[in-house]
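2 protein chains.
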Amino acid sequence: MAAANLPVLIRRTPILPVAPQASEVGRERLFVKAENLQVTGSYKVRAAFTLIKHLSPPELNRGIVLASSGNFAQGFSYAGNWMGIHIVVIMLDRTSHFKLQETAGYGGEVFLCGDDAINRQSVVERVAKERGMVAIDTWEDRRLAIGHGTVGLEIVEDHPFLETLLVPVSSGGLAAGIATAVKELNPKVKIIGVQPERANAAYVSLRAGSVTAIDYWDSIADGLSAAQPGALPFLHIQRYLDDIVLVSDSEIAHAFRTLFARCKIVAEPAGAVAAAAYLSGKVTQDRNTVALVSGGNLSRTMAKQMFDM
Amino acid sequence: MAAANLPVLIRRTPILPVAPQASEVGRERLFVKAENLQVTGSYKVRAAFTLIKHLSPPELNRGIVLASSGNFAQGFSYAGNWMGIHIVVIMLDRTSHFKLQETAGYGGEVFLCGDDAINRQSVVERVAKERGMVAIDTWEDRRLAIGHGTVGLEIVEDHPFLETLLVPVSSGGLAAGIATAVKELNPKVKIIGVQPERANAAYVSLRAGSVTAIDYWDSIADGLSAAQPGALPFLHIQRYLDDIVLVSDSEIAHAFRTLFARCKIVAEPAGAVAAAAYLSGKVTQDRNTVALVSGGNLSRTMAKQMFDM
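Sequences listed follow chains P and X, in order.
According to numbering that gives the first Met the number 0, the first sequence is numbered sequentially starting from 0.
According to numbering that gives the first Met the number 0, the second sequence is numbered sequentially starting from 0.
Structure below.
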């Protein structure tokens, strides 16, 4: 299995029960897979190592260019630093200072490209060509989805009574990787994607039956920046996802506070959307549910904002 | 071993590496034992279940009275609720609203007794007598120290290269239980207690060579409220602890922020003191160190306060 092929640097993150009230402790139906406790603070590092293993030594010597809203940046920069591979990350100007600082801290080179999320990949291709580096398309690369899938394998192994799995959706790679892995192991598990109300390109595309771009984007969940799903992930989403549901920013902030106060863990907004779908009643609450907390990389300012929302 | 006798409700909490900077990830010398991720948000529930197992059915029918600054209250209330035992907790008026609310949420009966920490136990004895309940002296009860010791056993098992162990100290029961367990297994491990500068009764007592009460108390660490160490714990502290070091409130707040931003976990001030001792350089940083994060029960207000300190 893919899980067995991850390096020891990757942590087997815990599955923690979530009781919205003290009186419910010990009788929880909601659990979180805490990938915010993963090294670099998100699941992305799994895919980074998985991809690097698929590249040849000459390719690794040339270095890697990719686009990221922040967590892939940190995961790849850490993996690259660890293995001596130069990493350049194309990032939006609106990326939080925290994520930029951490990316640089892990040794990645940050290249800001404005705020056009859809055309980031053309910048990736251009920089890779100019510098003779390897361009990675994080939206479409099948090798990354295999890395994401290891999260699903661990959840199935560690929670044998799983009935519903909730997963954040941006360009769809994470949901595609997890849904494919989990459905092949246990087709009875319901897998539901979650998006913010105003960052809902995959939701819109699923309803439309084809990849559709949104011309708005407004959410506290800066990690879910995709204005359209990737083509390859979308095929998997259509095939394996049972539904996509939407949550508001205030529901995301409420989930952040619940995870903080009751589980003692820190979720970034994008990492809290899946728990928010359960806690706000957007999905049925009477099934054994695991919500993926995909990351915990957020600034102090954003944390304070969510305390007060 | 005591660890093997804990009920399944008690979680085996993880040991997580702490890198103060992104560039240090993968080369950490500091690790935390994350008992804030324990059920009820602190290690106290281990001792609660351990003590309950030692009581007879008639004693359990009478119910239990104890004093607590908040975390024993939650641990005992949860254990009592789970096993159908009436729990009354004598608490200081200055206890945070969060801890009072959670205690009641777990089904415990809260009895406020003013703000005299040293005379709490006389209130415990009086209430127990009036109501025919069993009085527990959390400062002196040997059975509780056995429960605390299970934290130490797990740390030794899960971190084979442990050289220094840092433990928060209030009345000393936790430090006594852990130090006794760990030193018997591996006498080479250095065990250092940590107290806030102005909540340092055990530190003062250790220097004086006998149990000494302090006539001041001022710290953000509301969980470390003891104005003197317990007599029995003090004997173990004298015998097994290598030293006690002191940390300031701003060092505690800095440790809270480091654990928040880099480990994605929430420590209450009392739970952050051990990590603060390492991060502030109060102990040597070149040994493999585990700092116990003893709890994560804090209000949103206190969290915001520590963000801004």
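Note that beta-carbon positions come from the ideal geometry of N, C-alpha and C, so glycine has one too.
8 Å contact criterion, which residue i and residue j should meet: CB distance rounded
| i | j | result |
| --- | --- | --- |
| X/GLY192 | X/VAL168 | 4 Å |
| P/ALA33 | P/LEU15 | 6 Å |
| X/ARG119 | X/ALA66 | 4 Å |
| P/ALA212 | P/ILE145 | That pair is no contact at about 26 Å. |
| X/PRO195 | X/ASP241 | Their Cβ separation, rounded to whole angstroms, is 19 Å, which puts X/PRO195 and X/ASP241 out of contact at 8 Å. |
| P/LEU99 | P/VAL109 | 6 Å |
| P/ALA174 | P/ILE236 | 6 Å |
| X/GLY222 | X/ASN70 | 6 Å |
| X/PRO13 | P/PRO13 | 6 Å |
Residue span of the beta strand (DSSP E) that contains residue i, given as start and end
| i | result |
| --- | --- |
| P/LYS63 | Note on identity: in this sequence residue 63 of chain P is Ile, with Lys being the wrong assignment. It spans 63–66 - the beta strand (DSSP E) in which P/ILE63 sits, taken as one unbroken run. |
| X/LYS281 | Neither: X/LYS281 is in no beta strand (DSSP E) and is coded neither H nor E. |
| X/ALA178 | It is not in any beta strand (DSSP E) - X/ALA178 instead sits in the alpha helix (DSSP H) that spans 172–184. |
| P/GLY106 | No beta strand (DSSP E) holds P/GLY106; DSSP gives it neither H nor E. |
| X/VAL17 | 14–17 |
| X/VAL289 | 288–292 |
| X/ALA33 | 29–33 |
| P/GLN37 | Unbroken run through P/GLN37: none, as it is neither H nor E. |
| P/PRO325 | Outside the shown range of chain P, which is 0 to 308, sits residue 325 of chain P, and nothing can be said about it. |
| X/THR163 | 163–167 |
Straight-line Cα distance separating residue j from residue i
| i | j | result |
| --- | --- | --- |
| P/GLY131 | P/LEU54 | 15 Å |
| P/ASP92 | X/ALA200 | 52 Å |
| P/ALA230 | P/SER121 | 16 Å |
| X/SER279 | X/VAL246 | 8 Å |
| P/MET308 | X/ASN287 | 41 Å |
| X/ALA72 | P/VAL17 | 20 Å |
| P/GLU58 | P/MET82 | 13 Å |
| P/ASP140 | X/THR257 | 34 Å |
| X/ALA274 | P/LEU184 | 41 Å |
| P/LEU8 | P/ALA78 | 9 Å |
| X/THR102 | P/ALA46 | 42 Å |
| P/GLN20 | X/SER209 | 43 Å |
| P/ARG339 | P/LEU161 | Because chain P is modelled from 0 through 308, residue 339 of chain P falls outside the range shown and cannot be assessed. |
| X/ILE243 | P/LEU36 | 30 Å |
| P/GLU250 | X/ALA276 | 37 Å |
| X/LEU111 | X/HIS147 | 26 Å |
| P/GLY176 | P/GLY151 | 8 Å |
| P/VAL64 | P/LEU50 | 13 Å |
| P/ILE135 | X/TYR202 | 57 Å |
| X/TRP216 | X/ASP114 | 11 Å |
| X/ARG261 | X/PHE97 | 25 Å |
| X/ILE89 | P/THR137 | 57 Å |
| P/VAL292 | P/PHE255 | 10 Å |
C-beta contact flag for residue i and residue j at 9 Å
| i | j | result |
| --- | --- | --- |
| X/ALA271 | X/LEU165 | no |
| P/ALA252 | P/PRO268 | yes |
| P/HIS85 | P/GLY104 | no |
| X/VAL24 | P/THR149 | no |
| P/ALA266 | X/LYS303 | no |
| X/SER310 | X/LEU297 | Residue 310 of chain X lies beyond the residue range present for chain X, which begins at 0 and ends at 308; the question has no answer from this structure. |
| X/VAL126 | X/PHE75 | no |
| P/THR163 | P/LYS189 | yes |
| X/GLY172 | X/PRO232 | yes |
| P/TYR239 | P/LYS281 | no |
| X/GLU153 | X/ARG299 | no |
| P/ASP214 | P/ALA226 | yes |
| P/SER22 | X/GLY106 | yes |
Opening and closing residue of the alpha helix (DSSP H) in which residue i lies
| i | result |
| --- | --- |
| X/MET90 | Not the alpha helix (DSSP H): X/MET90 falls in the beta strand (DSSP E), residues 86–90. |
| X/LEU54 | Looking at the DSSP string, X/LEU54 is not in any alpha helix (DSSP H), and its letter there is neither H nor E. |
| P/GLN237 | 230–239 |
| X/ASP248 | 248–257 |
| P/THR149 | 141–157 |
| X/THR300 | 299–307 |
| P/ALA200 | 200–207 |
| P/VAL123 | 119–130 |
| P/GLN73 | 70–82 |
Chain P contacts from the segment 24–35 of chain X (Cβ-Cβ distance under 9 Å) = VAL24, GLY25, ALA33, ASN35
Using a Cβ-Cβ cut-off of less than 7 Å, give me the residues of the segment 257–272 of chain P that come near chain X, in sequence order.
-> PHE259, LYS263, ILE264, VAL265
Residues within the segment 42–64 of chain P neighbouring chain X, beta-carbon criterion of under 7 Å = none
Return the residues of the segment 95–124 of chain X that lie within a Cβ-Cβ distance of less than 9 Å from chain P, sorted by chain order.
-> PHE97, GLN100, GLU101, THR102, ALA103, GLY104, TYR105, GLY106
What are the residues of the segment 72–89 of chain X that lie near chain P, defined by any Cβ-Cβ distance shorter than 9 Å?
-> GLN73, SER76, TYR77, ASN80, TRP81
Note down, in chain order, all residues in the segment 174–187 of chain X with a beta-carbon under 8 Å from any beta-carbon belonging to chain P.
-> none
Residues from the segment 10–22 of chain P in contact with chain X, defined by Cβ distance under 7 Å = PRO13, LEU15, GLN20, ALA21, SER22
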